[in-house]
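Asks: This note's numbering applies: residue 2 is where the sequence shown begins, and numbers increase by one.
For each residue, glycine too, the CB sits at the ideal point set by N, CA and C.
What follows is a single structure, and I will ask about it in a moment.
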Amino acid sequence: MSFIKLDNYSFHYHHYNGDGPDLVLLHGLASNLNIWNLVAPVLSQNFNVYTLDQRGHGLSSKPDIGYDFDSISNDLTSICSKLNLHSPLIVGHSWGANVVIHTLADNKDNYFRGGVLVDGGVLNISKTNRSPWSEIETRLAPPVLTHLTLNQLLQRVRENRKEDWNKAFEAVLTNSFEVVNGLIKPRLSRENHMKILYEIWNENISLSLESINSPVLILPVSSDNSESVSPNMHGVSKKDAVNMAMSKLSKSEVIWLKNSIHDVPIQNPKLIVDAILQSKDTLFT
Numbered sequence: 002m003s004f005i006k007l008d009n010y011s012f013h014y015h016h017y018n019g020d021g022p023d024l025v026l027l028h029g030l031a032s033n034l035n036i037w038n039l040v041a042p043v044l045s046q047n048f049n050v051y052t053l054d055q056r057g058h059g060l061s062s063k064p065d066i067g068y069d070f071d072s073i074s075n076d077l078t079s080i081c082s083k084l085n086l087h088s089p090l091i092v093g094h095s096w097g098a099n100v101v102i103h104t105l106a107d108n109k110d111n112y113f114r115g116g117v118l119v120d121g122g123v124l125n126i127s128k129t130n131r132s133p134w135s136e137i138e139t140r141l142a143p144p145v146l147t148h149l150t151l152n153q154l155l156q157r158v159r160e161n162r163k164e165d166w167n168k169a170f171e172a173v174l175t176n177s178f179e180v181v182n183g184l185i186k187p188r189l190s191r192e193n194h195m196k197i198l199y200e201i202w203n204e205n206i207s208l209s210l211e212s213i214n215s216p217v218l219i220l221p222v223s224s225d226n227s228e229s230v231s232p233n234m235h236g237v238s239k240k241d242a243v244n245m246a247m248s249k250l251s252k253s254e255v256i257w258l259k260n261s262i263h264d265v266p267i268q269n270p271k272l273i274v275d276a277i278l279q280s281k282d283t284l285f286t
């Protein structure tokens with residue numbers, strides 16, 4: 002278990018020592034670094050891999066401030082610099098992909114090699130069709146689970162996941178909650194969760210994408226064996242959102258992760274590994 006200090010805050014990370022370029026894996030909203038437990042060891046055969054609990058998540062510090070993208074991006078850049086990483090490739094899942102986009106948009110000195118967006122980042126690209134915050138605030142607020150024990154939570158998720166369940170989900174869940182007097186409590190507070198959700202809703206993805214000069218690999222998931230066309234929460238299909246993003250990036254590729262779910266790092270980690278390795282010596286040279 003490793004920690005790095007930034008100002009008054011402590012950030013939890015894992016290092017998978019590998020012989021290759023530096024690579025950092027970022028989790029999504031209300032998740033933690035354990036989402037990468039099946040991906041990181043395999044990638045470390047070709048990269049020097051780090052996973053990180055972002056601000057407010059997992060075992061990292063949980064201040065009441067700093068959940069805007071500038072602050073989260075500054076956390077990432079400062080941590081990479083303090084770890085002496087050289088031209089790292091940054092990979093983000095879900096909200097982590099939004100962090101990658103914002104970080105690359107401000108990558109003035111080309112410190113970062115490029116970015117990988119795993120089923121996130123570009124999905125709310127259209128501001129024209131964006132649902133009002135009052136609707137999103139209600140619809141996407143996290144469920145209240147504080148009446149459950151950890152075993153009850155695990156059982157509930159097992160039943161919901163059914164054939165998609167594996168033990169790796171348990172590692173993510175146990176690091177997302179602490180147990181207080183026998184009941185679970187989210188490590189990411191509800192208040193901080195909503196701050197991040199608002200930033201996701203409010204950001205101007207199009208402007209950020211147009212500011213990126215680094216190569217970007219987009220890895221959207223599809224539940225069947227075709228490119229998903231189901232509408233996202235802003236009324237734009239995933240396929241259309243991806244195409245819009247590609248048109249705004251100066252150098253990009255897209256690889257659809259087919260027959261997979263949003264939590265693809267756990268459900269089918271090989272898809273992510275294969276896609277990154279495929280682009281390692283082409284897109285990210």
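Just confirm the distance between the C-beta atoms of Asp23 and Ser88, as a whole number of angstroms; I'd bet it's less than 8 angstroms.
Replies: Translated into the one-based positions of the sequence shown, residue 23 becomes position 22. Translated into the one-based positions of the sequence shown, residue 88 becomes position 87. Going by Cβ atoms, the distance from Asp23 to Ser88 rounds to 7 angstroms, so yes, they are a contact pair.
Asks: Report back the beta-carbon spacing between Tyr68 and Glu164 to the nearest angstrom; my notes put them in contact at under 8 angstroms.
Replies: The residue you call residue 68 lines up with position 67 of the sequence shown. The residue you call residue 164 lines up with position 163 of the sequence shown. Wrong, their Cβ atoms sit about 35 angstroms apart, outside the cutoff.
Asks: According to the neighbour-count rule (16 or more other Cβ atoms, all chains shown, within 10 Å of its Cβ), is Thr139 buried or exposed?
Replies: To locate residue 139, count along the sequence shown from 1; it is residue 138. Exposed, by the Cβ-count rule.
Asks: List the whole-angstrom C-beta distance separating Tyr51 from Tyr112, where the pair is believed to meet the contact cut-off of C-beta under 8 angstroms.
Replies: Walking along the sequence shown from the start, residue 51 turns up at place 50. Walking along the sequence shown from the start, residue 112 turns up at place 111. That belief does not hold up - the Cβ atoms of Tyr51 and Tyr112 are roughly 15 angstroms apart, past 8 angstroms.
Asks: Check whether the stretch 100–111 and the stretch 167–174 touch, using three or more Cβ-Cβ pairs below 8 angstroms as the test.
Replies: no
Asks: Looking at Ser215 and Leu77, is the spacing between their C-beta atoms short of 7 angstroms?
Replies: In the sequence shown, counting from the first residue as 1, residue 77 sits at position 76. In the sequence shown, counting from the first residue as 1, residue 215 sits at position 214. No, the Cβ-Cβ distance between Leu77 and Ser215 is not below 7 angstroms.
Asks: Out of curiosity, what's the CA-to-CA distance linking Thr283 and Val181?
Replies: Counting from one through the sequence shown, the residue named residue 283 turns up at place 282. Counting from one through the sequence shown, the residue named residue 181 turns up at place 180. Taking the straight line joining both Cα atoms gives about 49 angstroms.
Asks: From the DSSP output, read off the bridge partner residues of Asp23.
Replies: Residue 23 sits at position 22 when you count from the first residue of the sequence shown. Answer by DSSP bridge pairing, in chain order: Asn49.
Asks: Within 10 angstroms of its Cβ, does Pro289 collect 16 or more other Cβ (buried), or is it exposed?
Replies: Residue 289 lies beyond the range of the chain shown here (2 to 286); nothing can be said about it.
Asks: Shortest alpha-carbon distance to Asn9 belongs to which of His58, Ser251, Ser62?
Replies: Within the sequence shown, the letter at position 8 stands for residue 9. That would be Ser62, whose Cα lies nearest to the Cα of Asn9.
Asks: Could you give the C-beta distance for Gly57 and Leu189, rounded to a whole number, given that I count them as a contact under 8 angstroms?
Replies: Your numbering for residue 57 matches position 56 in the sequence shown. Your numbering for residue 189 matches position 188 in the sequence shown. Correct: roughly 5 angstroms between the Cβ atoms.
Asks: Using 8 angstroms as the threshold, is the stretch 205–224 in touch with the stretch 247–265, meaning 3 or more CB pairs across them?
Replies: At 8 angstroms Cβ cutoff, the stretches touch.
Asks: Pull up the distance between the alpha-carbon of Leu149 and that of Asn49, whole angstroms please.
Replies: Your numbering for residue 149 matches position 148 in the sequence shown. Your numbering for residue 49 matches position 48 in the sequence shown. Distance between the alpha carbons of Leu149 and Asn49 is about 39 angstroms.
Asks: Could you work out which residue in Asp120, Phe285, Leu84 is closest to Ser224 when comparing CA atoms only?
Replies: Residue numbering aside, residue 224 sits at position 223 when the sequence shown is read from its first letter. Ranking the options by Cα distance to Ser224, first place goes to Asp120.
Asks: Compute the Euclidean distance between the alpha carbons of Pro232 and Phe70, then round it to the nearest angstrom.
Replies: Residue numbering aside, residue 232 sits at position 231 when the sequence shown is read from its first letter. Residue numbering aside, residue 70 sits at position 69 when the sequence shown is read from its first letter. Any reading at Pro232 is ruled out, since the residue's pLDDT is 49, under 50, leaving its predicted position unreliable.
Asks: With the cut-off set at 7 angstroms, would you say Leu53 and Val274 are in Cβ contact?
Replies: Here residue 53 is taken as the residue at index 52 of the sequence shown, counted from 1. Here residue 274 is taken as the residue at index 273 of the sequence shown, counted from 1. It is not a contact, given that the beta carbons lie outside the stated cut-off.
Asks: Are Leu151 and Ile185 close, meaning C-beta to C-beta below 7 angstroms?
Replies: Here residue 151 corresponds to residue number 150 of the sequence shown, with the count starting at 1. Here residue 185 corresponds to residue number 184 of the sequence shown, with the count starting at 1. Result yes, Cβ atoms of Leu151 and Ile185 sit closer than 7 angstroms.
Asks: Do you know offhand how far Lys240's Cα is from Ala31's?
Replies: In the sequence shown, counting from the first residue as 1, residue 240 sits at position 239. In the sequence shown, counting from the first residue as 1, residue 31 sits at position 30. Lys240 and Ala31: Cα-Cα distance of roughly 25 angstroms.
Asks: Which term fits Asp65, buried or exposed, when burial requires 16 or more other beta carbons within 10 angstroms of its beta carbon?
Replies: The count along the sequence shown starts at 1 and reaches residue 65 at position 64. Counting Cβ neighbours within 10 Å, Asp65 comes out exposed, since fewer than 16 surround it.
Asks: Give the DSSP-derived three-state secondary structure of Glu204 in the structure shown.
Replies: In the sequence shown, counting from the first residue as 1, residue 204 sits at position 203. Correct three-state label for Glu204: coil.
Asks: Is Gly115 near Leu90, with beta carbons less than 7 angstroms apart?
Replies: Reading the sequence shown from its first residue, position 114 is the one you call residue 115. Reading the sequence shown from its first residue, position 89 is the one you call residue 90. Going by C-beta atoms, Gly115 is nearer than 7 angstroms to Leu90.
Asks: Report back the beta-carbon spacing between Pro221 and Leu258 to the nearest angstrom; my notes put them in contact at under 8 angstroms.
Replies: Within the sequence shown, numbered from 1, the residue matching residue 221 stands at position 220. Within the sequence shown, numbered from 1, the residue matching residue 258 stands at position 257. Pro221 to Leu258, Cβ: 7 angstroms. Contact.
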